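Shown next, in structure tokens, is the structure this report addresses.
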Amino acid sequence: MTARDDGWVRAAEVAFLAGDRRRRRLAWVTRLLLNVVGVLAFLGLWEAVPHLVPDLNTTLFPPPSDVLAAFTPMLASGEIAHHIGVSLGRAGLGFAIATVLGITAGLLTARVTLLHHLSEPLLHGFRSIPVIALVPISVLWLGIGEGAKVALVACGAFFPIWIATFIGVRDVHVVYLRSAACLGAGRVATMLWVVLPAALPLILAGLRQALAVSLIVLVAAELAGATAGVAYMMSMGHQLFRVDVMFIGLLLLGALGFLADRLFVALVRRLFPWYDSTR
Amino acid sequence: MSASIEIDRVSQILPTREGGASWALRDVSLSVAAGEFVCLIGPSGCGKTTLLHLVAGFLPPTAGSVRVGGRDVGKPGPDRGVVFQEYALFTWMTARQNVEFGLRMQGVGRAERHARTTEALDRVGLAHAADRYPHEMSGGMRQRVAVARALVNRPQVLLMDEPFAAVDAMTRATLQADLLALWRDSGVSVMFVTHNIDEAVYLAQRVVVMGAHPGTVRSEVVLDTPYPRDRGSAEFAERYADIGRRLGHGEVTA
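First to last, the protein sequences are chains P and E.
According to our numbering, the first sequence is numbered sequentially starting from 1.
According to our numbering, the second sequence is numbered sequentially starting from 1001.
Now the structure itself:
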């Protein structure tokens, strides 16, 4: 026996949903606001340093206003865009090569026992070498051209992708393989429709790590000798004693790394709606 | 009725962690008639799941032969549908894509595939949830999809490995009743593994009671009570107690 009518029920629902929406939006706006406040507080503190430390040499430690003053003409002349374009091109190509080779190698070594055992010691030996240690050799072998830089990035990004793919494919739950088999899937179809998607969470983790490694190796390669690129711009700043230009480079690298990671996460959400643990 | 599954003096030896040999099954024979519903029940370690896997073709028997539809079982195939305990749906596919997968693998044309998938989902009462991913469904719904995924291929036999063990009791009762209806509509032979006496007495035409170490068939009980069965009836309680005794007996002598 209920004394309440339909109208009452509907009104209660509408009120609840409106309140819920309001709370969510408030939480979202507050978070965004705090994010911005954090960045502004950092910039404010940085700007204040020369005033707080009287003897500070602002040529060695330029405040954000100086950095911005140096940045604006470089942006207007297209210099910044050029350096970013060159760097992104190298990192992107190297990462793409590493992705194709790393996933292929991971799949093969996890599914073909012979290849797994053959590659085991080499894989673990090579992946222990920091790729930055290969920079001098690559300069001797390949010079300071584009090929050397792309190859270094590909080399650095390859190992995390290989390892992650290998583990992901090796540990695919047997119930998936059995399901595929009793539904009539052959070897190739199982690989394509079952093993790869099942291993995807780990492959994506490997790709994300490889993305970060790509940036590190890129900087090392560009510092070793280049004619354009963000890190090259920084090394020019170093030689010309322009710390403000070096700071621009640092900020750009931070922004690029951050944006690449966000872009990656957004892309994953878009492409794999069933995989909702990318936060 | 012709035999659908014939298991003839099958033994399965597995290596133990300590380097010894363990008899998962020893000299087990069993046959399931076409269209029959058989439950395998027994304590853990009695080899009931191993027996199911042998029929599915997931592993070859150490000795003896397993035949389905008169032919020796080789690799797994769509003539033997399998429903696993849980987590067997492809999480990267929607309910529809999961059900459609087997038909796609067999090269069934697009239009027929769509029609059969829709029908299969409808028969398990999930037409409205066709585009949901497994993580968006309850445990009971997921097992319904798993049943639809196996039945859409029109298998000769349906092998079920404790399919309702992980869902709550109320959902389980509904799933059991719906499974009986599906079984009677499709005429498929069912081999159903469970450790739940109530489930066996409610579902099976014949219950195979197994014992452990080594895995063997202890006894068989034919249940001729007409469907649907009344869990509150004296006959149900009697059957329940009978199978309970047989299981207990198996443990005492082992």
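Don't be surprised by glycine CBs; every beta carbon is placed ideally from N, CA and C.
Since we're looking at a predicted model, the values are computed, not measured.
(Q) Could you check whether the stretch 1089-1108 of chain E touches the stretch 1167-1176 of chain E, counting it as contact only if at least three pairs of C-beta atoms, one from each stretch, sit closer than 8 Å? (A) The stretch 1089-1108 of chain E makes no contact with the stretch 1167-1176 of chain E; the number of CB pairs closer than 8 Å stays below 3.
Q.
For the structure I just gave you, are there three or more beta carbon pairs, one from the stretch 1062-1078 of chain E and one from the stretch 1112-1130 of chain E, closer than 8 Å?
A. Output reads no: the stretch 1112-1130 of chain E does not touch the stretch 1062-1078 of chain E.
**Q.** Cβ-based neighbour list, V1099 of chain E, same chain, cut-off 7 Å, excluding 5 preceding and 5 following
**A.** The count along the second sequence starts at 1 and reaches residue 1099 of chain E at position 99. Within the same chain, and ignoring the five residues on either side of V1099 of chain E in sequence, the residues whose Cβ sits closer than 7 Å to its Cβ are T1117, A1120, L1121, V1145, A1148, R1149 and V1152.
Q.
Quick check: the Cα distance between A1003 of chain E and T109 of chain P, rounded to an integer number of angstroms?
A. Taking the second sequence and counting its residues from 1, one reaches residue 1003 of chain E at position 3. Taking the first sequence and counting its residues from 1, one reaches residue 109 of chain P at position 109. A1003 of chain E and T109 of chain P have their C-alpha atoms spaced approximately 44 Å apart.
Q: Could you tell me whether the stretch 1033-1042 of chain E touches the stretch 1194-1207 of chain E, where touching means 3 or more Cβ pairs closer than 8 Å?
A: The stretch 1033-1042 of chain E makes contact with the stretch 1194-1207 of chain E, as at least three CB pairs between them are under 8 Å.
Q.
By DSSP's criteria, G1081 of chain E is part of a beta bridge. Which residues make up the other side?
A. Translated into positions along the second sequence, residue 1081 of chain E becomes position 81. Note: G1081 of chain E sits in a beta bridge opposite E:L1158.
Q. In the DSSP assignment, what residue or residues form a beta bridge with E1288 of chain E?
A. Residue 1288 of chain E lies beyond the stretch modelled for chain E, which goes from 1001 to 1254, so this question has no answer here.
Q. In angstroms, rounded to a whole number, what distance separates the CA positions of T1016 of chain E and A1063 of chain E?
A. Within the second sequence, residue 1016 of chain E is the residue found at index 16, counting from 1. Within the second sequence, residue 1063 of chain E is the residue found at index 63, counting from 1. The straight-line gap separating the alpha-carbon atoms of T1016 of chain E and A1063 of chain E is approximately 18 Å.
Q: Determine the DSSP secondary structure at W1023 of chain E, reduced to helix, strand or coil.
A: Stepping through the second sequence from its first residue, residue 1023 of chain E is reached at position 23. In the structure shown, W1023 of chain E sits in a strand (DSSP, three-state: E or B).
**Q.** Interface flag, T1091 of chain E vs chain P, CB-CB below 8 Å
**A.** Reading the second sequence from its first residue, position 91 is the one you call residue 1091 of chain E. By this cut-off, T1091 of chain E is an interface position.
Q | Cβ-Cβ distance between V1207 of chain E and L1030 of chain E below 8 Å | A | For the purposes of this step, residue 1207 of chain E is taken as residue 207 along the second sequence, with counting starting at 1. For the purposes of this step, residue 1030 of chain E is taken as residue 30 along the second sequence, with counting starting at 1. For V1207 of chain E and L1030 of chain E, no; Cβs fall outside 8 Å.
Q | Proximity of S65 of chain P and E79 of chain P at Cβ, strictly below 8 Å | A | Mapped onto the first sequence, residue 65 of chain P falls at position 65. Mapped onto the first sequence, residue 79 of chain P falls at position 79. Their beta carbons are not under 8 Å apart, which means S65 of chain P does not touch E79 of chain P by this criterion.
Q: Name, in chain order, the residues that DSSP records as bridge partners for V1038 of chain E.
A: Walking along the second sequence from the start, residue 1038 of chain E turns up at place 38. In the DSSP secondary-structure assignment, V1038 of chain E is bridged to E:M1191 and E:R1206.
Q) At a Cβ threshold of 8 Å, is V175 of chain P touching chain E? A) Taking the first sequence and counting its residues from 1, the one referred to as residue 175 of chain P is at position 175. Nearest CB-CB separation between V175 of chain P and chain E: below the 8 Å threshold.
Q | Beta-carbon spacing of A1034 of chain E, S1189 of chain E below 8 Å | A | Along the second sequence, read from residue 1 onward, the residue named residue 1034 of chain E stands at position 34. Along the second sequence, read from residue 1 onward, the residue named residue 1189 of chain E stands at position 189. Yes. Within cutoff.
Q: Using the Cα positions of M1141 of chain E and I216 of chain P, report the straight-line distance between them to the nearest angstrom.
A: Against the second sequence, residue 1141 of chain E aligns to sequence position 141. Against the first sequence, residue 216 of chain P aligns to sequence position 216. Cα-Cα distance, rounded: 47 Å.
Q. Whose CA, out of E:L1126, E:M1210 and E:V1222, lies closest to the CA of L1175 of chain E?
A. Translated into the one-based positions of the second sequence, residue 1175 of chain E becomes position 175. Closest by alpha carbon: E:L1126.
Q) Excluding sequence positions up to five away, which residues of its chain have a Cβ less than 6 Å from the Cβ of V243 of chain P? A) Residue mapping note: residue 243 of chain P aligns to position 243 of the first sequence, counting from 1. L60 and P62.
Q: Report the option in E:E1018, E:I1013 and E:G1081 whose CA atom is closest to the CA atom of A1024 of chain E.
A: Here residue 1024 of chain E refers to the residue found at position 24 of the second sequence. Comparing C-alpha distances from A1024 of chain E to each of E:E1018, E:I1013 and E:G1081 shows the shortest one belongs to E:I1013.
Q: Identify, in the order they occur along the chain, each residue of the same chain with its Cβ nearer than 8 Å to the Cβ of I84 of chain P, setting aside the five sequence neighbours on each side.
A: Sequence index remark: in the first sequence, residue 84 of chain P carries index 84 (1-based). When the five nearest sequence neighbours on each side are left out, the beta carbons in the same chain lying within less than 8 Å of the beta carbon of I84 of chain P are those of V230, L252 and L256, in order along the chain.
Q | Residue range of the unbroken beta strand (DSSP E) whose run includes V172 of chain P | A | Here residue 172 of chain P corresponds to residue number 172 of the first sequence, with the count starting at 1. Element bounds for V172 of chain P: n/a, residue is neither H nor E.
Q. By DSSP, does P1015 of chain E sit in helix, in strand, or in coil?
A. Indexing the second sequence from 1 puts residue 1015 of chain E at position 15. Three-state result, P1015 of chain E: strand.
(Q) I'd like to know if A98 of chain P contacts chain E, where contact means its C-beta is closer than 8 Å to some C-beta of that chain. (A) Translated into positions along the first sequence, residue 98 of chain P becomes position 98. Not an interface residue.
Q | Spatially closest choice to F1101 of chain E from P:A180, P:P73 and P:E222, by CA coordinates | A | As a position in the second sequence, residue 1101 of chain E is number 101, starting the count at 1. Looking at the Cα atoms, P:A180 is the closest of the given residues.
Q.
Measuring only the C-alpha atoms, how far is V67 of chain P from A185 of chain P?
A. Start at 1 with the first residue of the first sequence, and residue 67 of chain P comes out as number 67. Start at 1 with the first residue of the first sequence, and residue 185 of chain P comes out as number 185. Per the coordinates, the alpha-carbon of V67 of chain P lies some 60 Å from the alpha-carbon of A185 of chain P.
Q. Are the beta-carbon atoms belonging to G94 of chain P and A164 of chain P less than 8 Å from one another?
A. As a first step, residue 94 of chain P is located in the first sequence; it is residue number 94 there, counting from the start. As a first step, residue 164 of chain P is located in the first sequence; it is residue number 164 there, counting from the start. Contact flag unset, no.
**Q.** With 16 other Cβ atoms within 10 Å as the buried cut-off, status of R10 of chain P
**A.** Along the first sequence, one-based indexing puts residue 10 of chain P at 10. Of the residues assessed, R10 of chain P falls on the exposed side of the cut-off, its CB having fewer than 16 other CB atoms within 10 angstroms.
Q: Starting from T997 of chain E, trace the beta strand (DSSP E) both ways and give me its first and last residue.
A: Chain E is shown from 1001 up to 1254; residue 997 of chain E falls before or after that span and cannot be answered.
Q: Measure the Cβ-Cβ separation of V309 of chain P and A70 of chain P and say whether it is below 8 Å.
A: No answer is possible for residue 309 of chain P: the residues shown for chain P start at 1 and end at 279.
Q. Quick one: is the Cβ of R1229 of chain E within less than 7 Å of any heavy atom of the ligand FAD?
A. With respect to small molecules bound, the structure shown includes none, and the ligand FAD cannot be examined in it.
Q) Where L101 of chain P and I144 of chain P are concerned, what is the direct C-alpha to C-alpha distance, given to the nearest angstrom? A) The residue you call residue 101 of chain P lines up with position 101 of the first sequence. The residue you call residue 144 of chain P lines up with position 144 of the first sequence. L101 of chain P and I144 of chain P have their alpha carbons spaced roughly 23 Å apart.
Q.
Counting only Cβ-Cβ distances shorter than 8 Å, please list the residues of the stretch 144-177 of chain P near chain E, keeping chain order.
A. For the stretch 144-177 of chain P, the set of residues with a beta-carbon nearer than 8 Å to any beta-carbon of chain E comprises H173, V175 and Y176, in chain order.
**Q.** Per-residue DSSP class, three states only, for D281 of chain P
**A.** Residue 281 of chain P lies beyond the range of chain P shown here (1 to 279); nothing can be said about it.
Q.
Quick check: the Cα distance between Q1085 of chain E and E1162 of chain E, rounded to an integer number of angstroms?
A. In the second sequence, counting from the first residue as 1, residue 1085 of chain E sits at position 85. In the second sequence, counting from the first residue as 1, residue 1162 of chain E sits at position 162. Between Q1085 of chain E and E1162 of chain E, the C-alpha separation is close to 5 Å.
(Q) Just to confirm the assignment, what range does the beta strand (DSSP E) spanning T1216 of chain E have? (A) By one-based count along the second sequence, residue 1216 of chain E stands at place 216. For T1216 of chain E, the enclosing beta strand (DSSP E) stretches over residues T1216 to V1222.
Q. Using a C-beta to C-beta distance shorter than 9 Å, which residues of chain E count as neighbours of V139 of chain P?
A. To locate residue 139 of chain P, count along the first sequence from 1; it is residue 139. Going along chain E, no residue has its Cβ under 9 Å from V139 of chain P, so there is no contact; the nearest lies around 44 Å.
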